[in-house]
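Undergrad:
Number of protein chains: 2
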Amino acid sequence: MATGMSRSKKSQQDQKIITVEPTQRNAAHTRARILGAAETEFADHGFDGVSVRQIALRADVPVALINYHFGSKEGLYRAIFEMRAPMIVDQRVAGLRLAEMEPERERKVEMIVKAVLVPNLHMRSTEKSSNYARILAREVSDPKSLERKVIEEYLDPIAYKVMDALQRAMPDRSIEEINWGYQAMLGVMVYTMADMGRISRLSGGRCDPEDEIATANHLVAIMKAALLHARVPTPIQDE
Amino acid sequence: MATGMSRSKKSQQDQKIITVEPTQRNAAHTRARILGAAETEFADHGFDGVSVRQIALRADVPVALINYHFGSKEGLYRAIFEMRAPMIVDQRVAGLRLAEMEPERERKVEMIVKAVLVPNLHMRSTEKSSNYARILAREVSDPKSLERKVIEEYLDPIAYKVMDALQRAMPDRSIEEINWGYQAMLGVMVYTMADMGRISRLSGGRCDPEDEIATANHLVAIMKAALLHARVPTPIQDE
DNA sequence: GCGATATTTGAACAAGTTGACAAGAGTTTT
DNA sequence: AAAACTCTTGTCAACTTGTTCAAATATCGC
């Protein structure tokens with residue numbers, strides 16, 4: 002754990018002799034450090050906005066190590082999702098399980114909304130994983146994500162579960178209403194997660210996504226109201 | 002206008018003599034063609050995902066022309082916003098003006114929602130400018146947009162106008178509620194505009210952002226309900 | 001027609017890109 | 001201790017990046 006400021010080799014001359022900590026060997030630790038650096042860089046600049054060199058520089062490892070451990074730049078990118086996605090999926094599933102037990106309709110919908118929003122909003126305000134939140138937000142608006150298939154692979158299953166829960170909570174709604182409701186929820190969440198200060202700027206500092214509690218309160222209220230009270234004018238035509 | 006398939010110089014041998022249309026000169030036309038190509042490419046791959054050469058190739062002009070006309074890659078990018086932004090801002094302003102005249106509260110909120118959503122949703126389904134919709138969606142989730150200041154410059158003013166209108170329509174709401182409501186509206190809109198098929202995929206084809214009318218009906222209903230019925234549990238603490 | 005100006009062109013630039021390699025260093029197994 | 005293994009390293013070649021340049025060509029005012 003306490004391996005913070007060793008491996009300062011490039012910054013000093015060629016005094017290979019003194020090596021207080023002789024270039025520690027620990028593949029898992031190295032992988033983790035690269036992943037951490039990659040998360041930060043990808044979040045800040047996007048997949049195409051960073052070079053593996055920048056990531057290697059931040060992780061303080063030679064470039065070649067990235068290809069050794071992750072195969073390619075995209076391999077590294079996918080590894081981030083493999084690491085983080087289960088975390089929030091599990092939290093949502095757990096939240097849905099709780100909602101399932103709630104008998105009262107309004108309360109049930111609110112719990113479903115919370116099950117979806119809260120894990121991500123919490124992640125966004127957690128320093129360690131806030132970067133992943135921004136990567137995720139970017140990924141959904143990136144056409145290349147289709148090629149990468151990373152959203153489809155990791156996030157589609159939980160999406161179906163959420164919509165099933167919504168449908169059971171509100172059986173009177175059409176499939177279209179359920180779907181658009183879910184998409185709206187995602188949109189609000191993703192937009193908030195990706196925010197880089199515009200919300201705070203526009204509100205004169207009154208609204209701050211960093212304030213996890215207040216943000217969750219507002220967004221949950223908004224989406225609960227949206228799901229419970231929205232009816233489309235003409236749900237007639239189907240095909 | 003009918004300058005489609007001339008300038009085929011590279012694809013053929015060095016028969017400079019025949020030049021049916023001897024390399025037409027028209028700065029405005031050239032600029033427009035570069036802008037069009039850039040819009041498509043930026044929408045598909047993002048600012049960092051495209052090279053100026055790809056854009057030049059699509060526009061079928063030499064690379065150097067891009068720098069000549071737009072100064073730099075970023076200059077070209079900004080030129081897209083300078084061309085498109087006024088278009089949708091004007092539409093929103095007009096919509097707000099109509100809403101202002103409506104006396105009834107619920108109807109007024111609905112008209113404000115429509116004033117915000119409809120211009121963009123329409124743009125998204127218009128082939129010519131659907132690319133700009135995707136660029137816009139990407140820009141709001143790109144941290145570099147802060148450097149570029151393009152959102153702030155072109156879109157913040159209209160945001161304030163919308164929030165003012167909302168506040169006047171619902172004077173009982175707190176500033177936080179108005180702000181989060183507006184942000185939610187934007188989030189839903191942007192997410193839908195940026196969609197690359199996930200909505201259709203998840204809904205089994207039942208929801209399609211290309212279907213402008215149905216999409217607008219659902220999203221307007223959702224945001225109208227959200228704005229009219231959402232109340233935060235604890236709007237007590239302020240500072 | 002002539003000259004000034006605006007536009008277009010291909011080539012070149014320096015800087016940075018990715019992925020690959022052989023060789024080295026550390027750890028584990030024999 | 002020696003061999004086999006995993007992990008690390010600096011360097012390399014091939015290529016792309018955004019931008020600039022001088023020269024060529026077209027357009028317009030006179």
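So the sequences go chain by chain: F and R.
Using our numbering, the first residue of the first sequence is number 2, and each one after it goes up by one.
Using our numbering, the first residue of the second sequence is number 2, and each one after it goes up by one.
Even for Gly, the Cβ is constructed at its ideal location relative to N, Cα and C.
Keep in mind it's a predicted model, so treat the numbers as computed, not measured.
Alpha carbon to alpha carbon, what distance is there between R:ALA80 and R:PRO63?
TA: The count along the second sequence starts at 1 and reaches residue 63 of chain R at position 62. The count along the second sequence starts at 1 and reaches residue 80 of chain R at position 79. When rounded, the distance between both Cα atoms is 19 Å.
Undergrad: Cα separation between F:MET112 and F:LEU99?
TA: As a first step, residue 112 of chain F must be located in the first sequence, where it is residue number 111. As a first step, residue 99 of chain F must be located in the first sequence, where it is residue number 98. Distance between the alpha carbons of F:MET112 and F:LEU99: 8 Å.
Undergrad: Answer yes or no: does any C-beta atom of chain R fall closer than 8 Å to that of F:ASN132?
TA: In the first sequence, residue 132 of chain F corresponds to position 131, counting from 1. It does not; no Cβ of chain R falls within 8 Å.
Undergrad: Please report how far the alpha carbon of F:VAL110 lies from the alpha carbon of R:MET224, in whole angstroms.
TA: As a working mapping, residue 110 of chain F is identified with position 109 in the first sequence. As a working mapping, residue 224 of chain R is identified with position 223 in the second sequence. The alpha-carbon atoms of F:VAL110 and R:MET224 are separated by roughly 17 Å.
Undergrad: Does R:GLU22 pass the burial test, meaning 16 or more other C-beta atoms within 10 Å, or should it be called exposed?
TA: Here residue 22 of chain R corresponds to residue number 21 of the second sequence, with the count starting at 1. Residue placement at R:GLU22 is poorly supported in this model, since its pLDDT is 44, which falls under 50; the coordinates still yield a value, given next. R:GLU22 is exposed by the Cβ-count criterion.
Undergrad: Would you say R:PRO144 faces chain F, with C-beta separation under 8 Å as the test?
TA: Numbered from its first residue, the second sequence carries residue 144 of chain R at position 143. Closer than 8 Å to some Cβ of chain F, the Cβ of R:PRO144 qualifies, so yes.
Undergrad: Would a check of beta-carbon distances place R:GLU105 closer than 8 Å to chain F?
TA: Locating residue 105 of chain R in the second sequence gives position 104, counting from the first residue. No, no contact with chain F.
Undergrad: Going by other Cβ atoms of all chains shown within 10 Å of its Cβ, with 16 needed for buried, is R:THR127 buried or exposed?
TA: On the second sequence, residue 127 of chain R is found 126 positions in, with the first residue counted as 1. Exposed, because fewer than 16 other Cβ atoms sit within 10 Å of the Cβ of R:THR127.
Undergrad: Counting along the chain, where does the alpha helix (DSSP H) carrying F:MET171 start and finish?
TA: Counting from 1 along the first sequence, the entry for residue 171 of chain F is found at position 170. Taken as a continuous stretch (DSSP letters only), F:MET171 belongs to no alpha helix (DSSP H), as it is neither H nor E.
Undergrad: Looking at R:ASN180 and the ligand PLP, is the gap between the Cβ and the nearest heavy atom below 7 Å?
TA: In the structure on display, the ligand PLP does not appear, and there are no ligands present to speak of.
Undergrad: Would you decide whether F:THR24 is buried or exposed? Buried here means 16 or more other CB atoms lie within 10 Å of its CB.
TA: What you label residue 24 of chain F is simply residue 23 of the first sequence in a count that begins at 1. In this prediction, F:THR24 has a pLDDT of 49, which is less than 50 and means its spatial position is unreliable; nothing more can be read from the coordinates.
Undergrad: Do you know offhand how far R:LEU167's Cα is from F:PHE71's?
TA: For the purposes of this step, residue 167 of chain R is taken as residue 166 along the second sequence, with counting starting at 1. For the purposes of this step, residue 71 of chain F is taken as residue 70 along the first sequence, with counting starting at 1. Cα to Cα, the separation comes out at about 50 Å.
Undergrad: Beta carbon of R:THR193, beta carbon of R:LEU220: below 8 Å?
TA: Taking the first residue of the second sequence as position 1, residue 193 of chain R is located at position 192. Taking the first residue of the second sequence as position 1, residue 220 of chain R is located at position 219. It is a contact, given that the beta carbons lie within the stated cut-off.
Undergrad: Could you check whether the Cβ of R:VAL119 sits closer than 8 Å to any Cβ belonging to chain F?
TA: Within the second sequence, the letter at position 118 stands for residue 119 of chain R. Output row for R:VAL119: interface = no.
Undergrad: For the 8 Å Cβ check, are there 3 or more pairs between the segment 125-143 of chain R and the segment 76-91 of chain R?
TA: Yes, they touch.
Undergrad: Determine the contact status of R:ALA38 and R:ARG135, defining contact as a CB-CB distance below 8 Å.
TA: Residue numbering aside, residue 38 of chain R sits at position 37 when the second sequence is read from its first letter. Residue numbering aside, residue 135 of chain R sits at position 134 when the second sequence is read from its first letter. In this structure, R:ARG135 does not lie closer than 8 Å to R:ALA38 by Cβ.
Undergrad: Is the shortest distance between the beta-carbon of F:ARG125 and the beta-carbons of chain R less than 8 Å?
TA: Within the first sequence, residue 125 of chain F is the residue found at index 124, counting from 1. False, the Cβ-Cβ gap to chain R never drops below 8 Å.
Undergrad: Once you ignore the five residues that flank F:VAL141 on each side, which residues in its own chain have a CB closer than 7 Å to its CB?
TA: Taking the first residue of the first sequence as 1, we reach residue 141 of chain F at position 140. Counting only Cβ-Cβ distances below 7 Å, and skipping sequence neighbours, we find ILE152, VAL191.
Undergrad: Does R:VAL189 get closer than 8 Å to chain F when you measure Cβ to Cβ?
TA: Stepping through the second sequence from its first residue, residue 189 of chain R is reached at position 188. Chain F, which has a Cβ nearer than 8 Å to the Cβ of R:VAL189, makes this yes.
Undergrad: Nearest to F:ASP125 by CA position, among F:GLU213, F:CYS208, F:HIS230, F:MET171, is which residue?
TA: In the first sequence, the residue the question calls residue 125 of chain F occupies position 124. Here residue 125 of chain F turns out to be Arg, not Asp, going by the sequence shown. When each option's Cα is compared against that of F:ARG125, the closest is F:GLU213.
Undergrad: If you measure beta-carbon to beta-carbon, which residues of the segment 43-75 of chain F are closer than 9 Å to chain R?
TA: Against chain R - using a Cβ distance shorter than 9 Å - the residues of the segment 43-75 of chain F are ALA44, ASP45, HIS46, GLY47, PHE48, ASP49, GLY50, VAL51.
Undergrad: May I ask you to report which of helix, strand or coil DSSP gives R:MET102?
TA: Stepping through the second sequence from its first residue, residue 102 of chain R is reached at position 101. If DSSP states are grouped into helix, strand and coil, R:MET102 belongs with the helices.
Undergrad: Check whether chain F comes within 8 Å of R:ALA298, counting only Cβ atoms and requiring the distance to be less than that.
TA: Since the first residue shown for chain R is 2 and the last is 240, residue 298 of chain R is missing from the structure and cannot be characterised.
Undergrad: Can you look up F:ASP61 in the DSSP assignment and give me helix, strand or coil?
TA: What you label residue 61 of chain F is simply residue 60 of the first sequence in a count that begins at 1. Note: F:ASP61 maps to coil in three-state DSSP.
Undergrad: Rounded to a whole number of angstroms, what is the C-alpha to C-alpha distance between R:ALA65 and R:PRO144?
TA: As a working mapping, residue 65 of chain R is identified with position 64 in the second sequence. As a working mapping, residue 144 of chain R is identified with position 143 in the second sequence. So the alpha carbons of these two residues sit roughly 28 Å apart.
Undergrad: What is the DSSP secondary structure of F:ARG125, reduced to helix, strand or coil?
TA: Here residue 125 of chain F refers to the residue found at position 124 of the first sequence. Note: F:ARG125 maps to helix in three-state DSSP.
Undergrad: Go through its chain and collect everything with a Cβ distance to R:ARG259's Cβ below 7 Å, but skip five positions before and after it.
TA: This structure gives no information on residue 259 of chain R, because the portion of chain R shown stretches from 2 to 240.
Undergrad: So with CB distances below 9 Å, who are the chain F contacts of R:ASP157?
TA: Reading the second sequence from its first residue, position 156 is the one you call residue 157 of chain R. Under the 9 Å cutoff, chain F gives ARG199, ARG202, LEU203.
Undergrad: Tell me the rounded alpha-carbon separation between F:ALA227 and R:ARG85.
TA: Reading the first sequence from its first residue, position 226 is the one you call residue 227 of chain F. Reading the second sequence from its first residue, position 84 is the one you call residue 85 of chain R. Those two C-alpha atoms are separated by around 31 Å.
Undergrad: Would you give the residue range spanned by the alpha helix (DSSP H) that R:ASP45 belongs to?
TA: For the purposes of this step, residue 45 of chain R is taken as the residue at position 44 of the second sequence. That run of the alpha helix (DSSP H) goes 28-46.
Undergrad: Ordered along the chain, which non-local residues of its own chain (more than five positions away) have a Cβ less than 7 Å from that of R:SER201?
TA: Working through the second sequence from its first residue, we reach residue 201 of chain R at position 200. Correct list, in chain order: CYS208, ASP209.
Undergrad: Against F:THR252, what residues of chain R qualify as contacts under a CB-to-CB distance less than 8 Å, listed in chain order?
TA: What is shown of chain F runs 2 to 240, which leaves residue 252 of chain F out entirely.
Undergrad: Distance check for F:ARG169 and F:ALA231, CA to CA, integer angstroms please.
TA: Counted from its first residue, the first sequence places residue 231 of chain F at position 230. Counted from its first residue, the first sequence places residue 169 of chain F at position 168. Between F:ALA231 and F:ARG169, the C-alpha separation is close to 17 Å.
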